[in-house]
DNA sequence: CTGTTAGCGCATTCAC
DNA sequence: GTGAATGCGCTAACAG
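Residue numbers (my numbering), protein chains in the order written: chain A, 1 to 334; chain B, 335 to 668.
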C-alpha cells in the first residue's frame with residue numbers, strides 16, 4: 001500500500017534555481033543548445049539529470065502548439081496485415097521524436113471518426129490506414145489537421161497506396177502458366193479500396209489470358225469467410241483461387257482440406273499481403289505488400305506536411321510482387 | 335496545395351464572448367454543469383457547438399494534471415499474442431474515456447525504458463506487457479507513475495498474470511494419456527516470466543507422470559526458432575512437443591514436416607496462447623490464454639489506482655486451459 | 001550569450 | 001449562480 005501523493009515531477013524552475021540560471025536558459029539547454037555556451041549547456045543538463053528533470057511535454061505543447069504526437073488509426077489491430085504497419089509507423093515516428101497514439105476503429109466509420117475527434121486535440125497529424133470513413137468526412141478531417149491516408153485513394157489528400165495490381169497480375173500469369181483455366185477470387189470487404197483494386201486487377205488479367213474467374217463475395221476479411229468460400233469455388237469447378245488476403249487464404253486452405261481437397265496436389269491457392277506465408281505449412285504463395293514501407297512513407301509524408309505547413313496532392317504507389325511458395329502447382333491432369 | 339496556416343481551433347474565450355459570459359462559465363458548462371443554471375449550460379453548449387469549440391485536451395491536462403491517456407508498452411506488436419491484448423486495452427480504456435499510447439520495445443530493455451520516459455509526461459499511467467525491464471527499473475518507474483504489469487511478477491506492483499500452469503498441466507496429462515513417454519519443451523525467451531513459468535509447469539507435471547522431458551533452448555519466440563528445434567527433438571526420440579507459443583509451434587510443425595515427420599500421424603504438437611490455433615491446418619492444439627481479459631483487467635486496475643490514488647499489492651491470476659484440436663493424437667505404435 | 005516579460009487554453013480558488 | 005484573478009510548465013519575443 002503505497003501513497004502516490006507526491007507525483008509531481010521536477011520542473012524547469014527547480015533546475016533553474018539549482019543551476020543558478022533563468023528558466024529560459026534551462027529551456028534553451030534542451031531545445032536550442034546552440035544558443036548557449038557549451039559550458040552552460042553541460043552544467044544545466046548535468047543538474048537536470050541529477051534532479052531527474054524531464055521536459056514536460058504537455059506544457060511544451062500548450063506553449064508551442066506542437067505536441068510531438070501523431071495518431072494512427074487502423075480498422076483492426078488483430079488483422080495480421082496491420083502489425084507490421086503499426087510497428088513501422090512507430091519506429092519511423094520515433095526517429096522524428098514523435099509518439100504515436102493507436103486507434104482501433106473496429107471497421108466502424110462512426111467509431112473511427114469518434115477516435116479522430118478524441119485524438120485531435122493532442123496530435124499534430126493523423127495516419128488513417130484503410131479508413132472506413134467517407135470521402136467527405138476524410139476531407140473534412142483533413143482540413144482540420146494534417147492527414148495521410150494508407151490504402152485509401154482520396155484526391156487531394158496525401159496517400160500511400162499498395163498497388164496489388166502488379167502482384168495480382170503476376171499471380172494470374174503464374175496460374176495460367178501452370179495450366180489453370182478456371183480460377184476464383186475470394187473477395188474482401190466490399191467497402192475496401194484494396195479489395196476493389198485487387199478484384200479489378202484479377203478480372204483484367206484473367207480476361208487477357210482467357211481465364212474464367214468466379215467472384216466469391218464475403219462480408220469480412222476473416223478466416224471463417226475464407227473457409228466458407230470453399231464449396232462455391234469447388235462447385236464452380238475452379239482449380240485455383242486467389243484470396244483477398246492471407247487470412248482468407250488460410251481459411252480457404254482449411255475449407256478445402258475439410259472437403260478432402262489437397263493443396264497443392266488438387267488445388268492451388270494464392271494469398272495476398274504475405275503476412276502469414278512464411279509461418280504456415282505448406283508455406284503460402286502470396287502477393288507481397290509493402291506494409292512496413294507504407295508505414296515509413298506515411299510518417300515521412302506527414303512529417304513533411306508538418307514541416308512545410310503545406311499539403312500537396314501526393315499519391316505514392318508502392319508496388320507488389322508475387323512470392324511463390326508451396327501452395328501453387330500445375331493443374332491436376334484430368 | 336492547401337495552406338494550413340489557420341489551424342487554430344476556437345478557444346474558450348471566443349465561446350465566452352459569443353455567449354456573453356465569462357470564461358469560467360464556459361469552462362464549468364463542460365466540466366461542472368451542475369454548478370450552473372440549466373439555461374446557461376444550454377446556451378453555452380449550443381454556442382460552443384455552433385462555433386465548433388472542443389475543449390483543448392492539452393491545456394486541460396496542464397491545468398489539472400490529468401491527461402486522460404494511458405500508455406501500453408509491448409515487446410513486439412507483430413507477435414500474435416499481443417494484438418488481442420492491445421485491442422482489449424484500447425476498448426476498455428475508451429470506456430473510461432482514456433486514449434492509449436502504444437509503444438513497441440522490440441524486446442529491448444533500454445528501448446522499453448526510453449519509451450516509458452518519453453510517454454511519462456503525457457500519460458497518467460502505464461501498462462507494461464511482458465516487460466523486459468529489470469525488477470529494479472520497474473519499481474523505479476512505478477514509483478513515479480501508476481503502473482500495472484501484465485505477465486510479469488514483481489512484488490508490490492499491481493500485476494495480472496496468465497497462469498499457463500493449469501493449461502500446461504492439462505497438456506502434459508493429455509499427452510501422457512495418449513501414450514507419449516518422451517516429450518520436448520521448446521523454450522521461449524530466457525528473460526520471459528511466462529517462459530519460466532511454463533517450463534516449470536511442464537517439468538513438474540512430467541515428473542509426476544513419469545515422462546522424460548527435453549528442454550530445447552531458444553533465443554527468441556519466432557517461427558524460425560521453432561523450425562530449428564525439430565532436429566534436436568527428433569534426435570532425442572521425443573514423440574510430442576509443447577512449444578512456448580503458437581508461433582514456435584507453427585515453426586516446429588514446419589520443421590518436422592520438412593524432415594518428413596507427419597503431424598499428428600507421427601508426432602504431436604501443442605502450442606501456447608491459442609492465437610493461431612484456429613487459423614491453421616491442421617488446427618493446432620494449444621493452451622489458451624486470456625489476453626483480452628488481461629487487457630481489460632489491467633486497465634481497470636490502473637483506473638482504480640488513478641481513482642483511489644493508492645496502489646495495492648494486487649496479483650490477479652487468469653487461468654488457462656488446453657484446447658484440443660488436431661495436432662495431438664496417440665503415439666505411433668512402435 | 002543570457003535574463004525578463006508575456007502568454008499558450010484551461011480549471012480553479014476566491015469573492016460577489 | 002457567476003465573474004475576476006491566479007497558476008499549471010514551458011517557449012518565444014524582446015532586451016541587454
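Ideal Cβ positions, reconstructed from N, Cα and C, are used throughout, including at glycine.
Rounded distance between the beta-carbons of residue j and residue i, thought under 8 angstroms
i	j	result
residue 234(A)	residue 276(A)	No, residue 234(A) and residue 276(A) are not in contact; Cβ-Cβ is about 22 angstroms, not under 8 angstroms.
residue 467(B)	residue 447(B)	6 angstroms
residue 575(B)	residue 586(B)	6 angstroms
residue 669(B)	residue 521(B)	There is no way to answer for residue 669(B), as the model of chain B reaches only from 335 to 668.
residue 589(B)	residue 563(B)	7 angstroms
residue 285(A)	residue 320(A)	Residue 285(A) to residue 320(A), Cβ: 13 angstroms. No contact.
residue 122(A)	residue 69(A)	6 angstroms
residue 494(B)	residue 652(B)	6 angstroms
residue 353(B)	residue 378(B)	5 angstroms
residue 381(B)	residue 361(B)	With 8 angstroms as the limit, residue 381(B) and residue 361(B) do not qualify as a contact, their Cβ atoms being about 14 angstroms apart.
residue 197(A)	residue 226(A)	With a Cβ gap of about 19 angstroms, residue 197(A) and residue 226(A) do not count as contacting.
residue 295(A)	residue 88(A)	3 angstroms
residue 669(B)	residue 83(A)	Any question about residue 669(B) goes unanswered here, given that chain B covers just 335 to 668.
Alpha carbon of residue i to alpha carbon of residue j, nearest angstrom
i	j	result
residue 315(A)	residue 105(A)	24 angstroms
residue 130(A)	residue 310(A)	23 angstroms
residue 146(A)	residue 432(B)	23 angstroms
residue 179(A)	residue 79(A)	33 angstroms
residue 57(A)	residue 67(A)	7 angstroms
residue 140(A)	residue 607(B)	42 angstroms
residue 71(A)	residue 504(B)	43 angstroms
residue 331(A)	residue 268(A)	8 angstroms
residue 55(A)	residue 424(B)	27 angstroms
residue 663(B)	residue 509(B)	8 angstroms
residue 293(A)	residue 204(A)	27 angstroms
residue 76(A)	residue 107(A)	7 angstroms
residue 138(A)	residue 109(A)	11 angstroms
residue 335(B)	residue 60(A)	A caution first: residue 335(B) carries a pLDDT of 41, below 50, which makes its placement in the model unreliable, though a value can still be read off. Near 29 angstroms, if we compare the C-alpha coordinates of residue 60(A) and residue 335(B).
residue 158(A)	residue 111(A)	22 angstroms
residue 427(B)	residue 64(A)	28 angstroms
residue 690(B)	residue 489(B)	For residue 690(B) there is no data in the structure shown, the boundaries of chain B being 335 and 668.
residue 633(B)	residue 348(B)	37 angstroms
residue 367(B)	residue 640(B)	23 angstroms
residue 62(A)	residue 396(B)	8 angstroms
residue 282(A)	residue 200(A)	28 angstroms
residue 357(B)	residue 415(B)	48 angstroms
residue 502(B)	residue 291(A)	35 angstroms
residue 540(B)	residue 125(A)	54 angstroms
residue 461(B)	residue 31(A)	29 angstroms
residue 135(A)	residue 288(A)	27 angstroms
residue 340(B)	residue 437(B)	With a pLDDT of 42 at residue 340(B), under the threshold of 50, the predicted position of this residue should be treated as unreliable, and no value is reported.
residue 536(B)	residue 38(A)	59 angstroms
residue 565(B)	residue 593(B)	8 angstroms
residue 647(B)	residue 120(A)	36 angstroms
residue 51(A)	residue 478(B)	13 angstroms
- Taking a Cβ distance cut-off of 7 angstroms, strictly less, list which residues of the region 589-615 of chain B are near chain A, in chain order. Closer than 7 angstroms at the C-beta level to chain A, one finds these residues of the region 589-615 of chain B: 591, 612, 613, 614, 615.
| How about the region 257-264 of chain A and the region 569-578 of chain B: do they share at least three Cβ pairs that are nearer than 8 angstroms? | The region 257-264 of chain A is not in contact with the region 569-578 of chain B.
Which residues, in order along the region 91-114 of chain A, keep a beta-carbon less than 7 angstroms from a beta-carbon of chain B? Against chain B - using a Cβ distance shorter than 7 angstroms - the residues of the region 91-114 of chain A are 99, 100, 101, 102, 104.
> On the three-pair Cβ rule with 8 angstroms, is the region 485-505 of chain B touching the region 549-560 of chain B?
Replying inline: The region 485-505 of chain B vs the region 549-560 of chain B: no contact.
Pick out the complete alpha helix (DSSP H) segments inside the region 227-285 of chain A, 4 residues or longer, and give them in chain order. Within the region 227-285 of chain A, complete alpha helix (DSSP H) segments of at least 4 residues are found at 246-258, given in chain order.
### Task
Could you tell me which uninterrupted alpha helix (DSSP H) segments, each at least 4 residues in length, are contained entirely in the region 78-146 of chain A, listed from first to last along the chain?
Correct list: 82-95, 109-120, 135-144.
Are three or more beta carbon pairs between the region 485-492 of chain B and the region 533-547 of chain B nearer than 8 angstroms? Flag = no, the region 485-492 of chain B and the region 533-547 of chain B do not touch.
| Unbroken stretches of the alpha helix (DSSP H), 4 residues or longer, contained in the region 490-575 of chain B | Listed in chain order, the complete alpha helix (DSSP H) runs (minimum 4 residues) inside the region 490-575 of chain B are 498-511, 527-542, 557-570.
If the cut-off is 9 angstroms on Cβ atoms, which residues from the region 503-531 of chain B count as contacting chain A, listed in chain order?
So the list is empty, because no residue satisfies the distance condition.
ask   = Just by C-beta distance, which residues in the region 43-58 of chain A are closer than 8 angstroms to chain B?
value = When C-beta distances to chain B are compared with 8 angstroms, the residues of the region 43-58 of chain A below that value are 54, 55, 56, 57, 58, in chain order.
Exercise for review: Scan the region 9-81 of chain A and note each continuous alpha helix (DSSP H) run of 4 residues or more that stays entirely inside, going in chain order.
Suggested key: DSSP runs (the alpha helix (DSSP H)) wholly in the region 9-81 of chain A: 12-19, 23-31, 38-51, 57-64.
Q | Near-chain A residues of the region 408-423 of chain B - C-beta to any C-beta below 9 angstroms | A | Those residues of the region 408-423 of chain B that come within reach of chain A (Cβ to Cβ, closer than 9 angstroms) are 410, 411, 412, 413, 414, 416, 417, 418, 420, 421.
Quiz item: Going along the chain, which residues of the region 118-140 of chain A sit with their C-beta nearer than 8 angstroms to a C-beta in chain B?
Solution: From the region 118-140 of chain A, only 118, 119, 120, 121, 122 have a Cβ closer than 8 angstroms to chain B.
- What residues from the region 222-243 of chain A come within 8 angstroms of chain B, judged by C-beta to C-beta, listed N to C? Cβ contacts with chain B: 223.
Practice item. Can you give me, in chain order, the residues of the region 543-554 of chain B that have a beta carbon less than 7 angstroms from any beta carbon in chain A? Key: Of all residues in the region 543-554 of chain B, none has a Cβ within less than 7 angstroms of some Cβ in chain A.
Listed from N- to C-terminal order along the chain, which residues in the region 138-161 of chain A have their beta-carbon within a distance smaller than 9 angstroms of any beta-carbon of chain B? Result list: 142, 143, 144, 145, 146, 156.
Report task. Select from the region 392-407 of chain B all residues with a C-beta closer than 7 angstroms to any C-beta belonging to chain A, and list them in chain order. Result -> So the list reads 392, 393, 395, 396, 401, given in the order they occur along the chain.
Counting only Cβ-Cβ distances shorter than 8 angstroms, please list the residues of the region 634-667 of chain B near chain A, keeping chain order. If the cut-off is 8 angstroms between Cβ atoms, the region 634-667 of chain B has 639, 643, 644, 645, 646, 647 near chain A.
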